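In my numbering, the protein residues as written are -1 to 227. Okay, structure first, notes after.
Next comes the structure, spelled out in structure tokens:
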């Protein structure tokens, strides 16, 4: 039996999706993945095109270094697209491969699971861009995360960035992954849930570490011919 991967239809009908993955040959998966990747790159590019988080490059413009400023903006956009491509590919393909190999679940089921995970991440980033664009200013923390709350009583920037990685969308992602893995694995549901929570906590700790790297300042110093570090 053959069925089509209807992304939005199955988003609210996960049980039917899991049934179809088990009992049918599902088509149009790659087409849906391509759409997610393209939309994801657009969402990554929009804040850069809008000029968000490029304040560190303003001194170049103020100093009359128009060519340097333009080059810096294009370089920043290229870097953002490269990072976006790596980010999306990791969550879509590499994560699916790791789950498939480690847990022993069919690749197709894991790539579909990660399609929804990646789509939620893209949606979150798109909503954040929309909120910032509407209000006319940006901040370092996601309005959907615990980062703003943590910033009110914590002085440690690393911990604040860590809590910034734990969002409402993280809960939705864990719920989707839990349901998929539970239906395709014989591992205890409690072990699955605990493992997923630990994976996301460890990931948040790692991302928080990289979030402290001053990329914008490094780019500005590079364009001005100064030391990068």
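Think of the CB as a built atom: it goes at the ideal place given N, C-alpha and C, for glycine as much as any other residue. Quantities reported herein were computed from a predicted structural model and do not represent experimental measurements.
By the three-class DSSP mapping on this structure, what secondary structure does residue 153 have?
coil
How is residue 291 classed by DSSP in three states: helix, strand or coil?
Any answer about residue 291 is impossible in this case: the structure gives the chain only from -1 up to 227.
Skipping 5 residues on each side, what residues in its chain have a beta carbon closer than 6 Å to that of residue 207?
Nothing listed; no residue qualifies.
With a threshold of 6 Å on Cβ separation, who are the neighbours of residue 71 within its own chain once the five nearest residues in sequence on each side are excluded?
none
With DSSP as the reference, identify every bridge partner of residue 65, one or two as the case may be.
Answer is none; residue 65 lacks a bridge partner.
State yes or no: is the C-beta of residue 44 within less than 8 Å of the C-beta of residue 127?
In contact: residue 44 and residue 127 (Cβ atoms closer than 8 Å).
Suppose you measure from the CA of residue 170 to the CA of residue 190; what does that come to, to the nearest Å?
15 Å
Mind checking residue 98: buried by the 16 CB within 10 Å criterion, or exposed?
buried
Residues near residue 37 by beta carbon distance below 7 Å, same chain, minus five either side
120
Alpha carbon to alpha carbon, how far is residue 202 from residue 226? Give it in angstroms, no decimals.
Low per-residue confidence applies at residue 226: pLDDT is 49, beneath 50, and the placement is therefore not dependable enough to give any value.
Let me know the secondary structure DSSP gives residue 165 once reduced to three states.
In the structure shown, the three-state DSSP call for residue 165 is strand.
In the DSSP assignment, the alpha helix (DSSP H) including residue 27 goes from what residue to what residue?
27 to 48
May I have the straight-line CA-CA distance separating residue 178 from residue 194, to the nearest angstrom?
12 Å
What did DSSP end up calling residue 143 once you bin it into helix, strand or coil?
strand
Consult DSSP for residue 137 and reduce its assignment to one of helix, strand or coil.
coil
Among the residues of its own chain, which have a CB less than 8 Å from the CB of residue 28, if the five just before and after it don't count?
none
Rounded to whole angstroms, what's the CA-CA distance from residue 105 to residue 134? Just pull it up for me.
One C-alpha to the other measures close to 43 Å.
I need the straight-line Cα distance from residue 78 to residue 124, nearest angstrom please.
15 Å
Just checking my contact of residue 110 with residue 10 at CB under 8 Å: how many whole Å lie between their CB atoms?
About 15 Å separates the two Cβ atoms, so there is no contact after all.
Please report the distance separating the alpha-carbon of residue 32 from that of residue 151.
Distance between the alpha carbons of residue 32 and residue 151 is about 42 Å.
The beta strand (DSSP E) enclosing residue 183, as first and last residue numbers
First-last for residue 183: undefined, no H or E at that position.
Would you call residue 156 buried or exposed, if buried means 16 or more other Cβ atoms sit within 10 Å of its Cβ?
Exposed is the call here.
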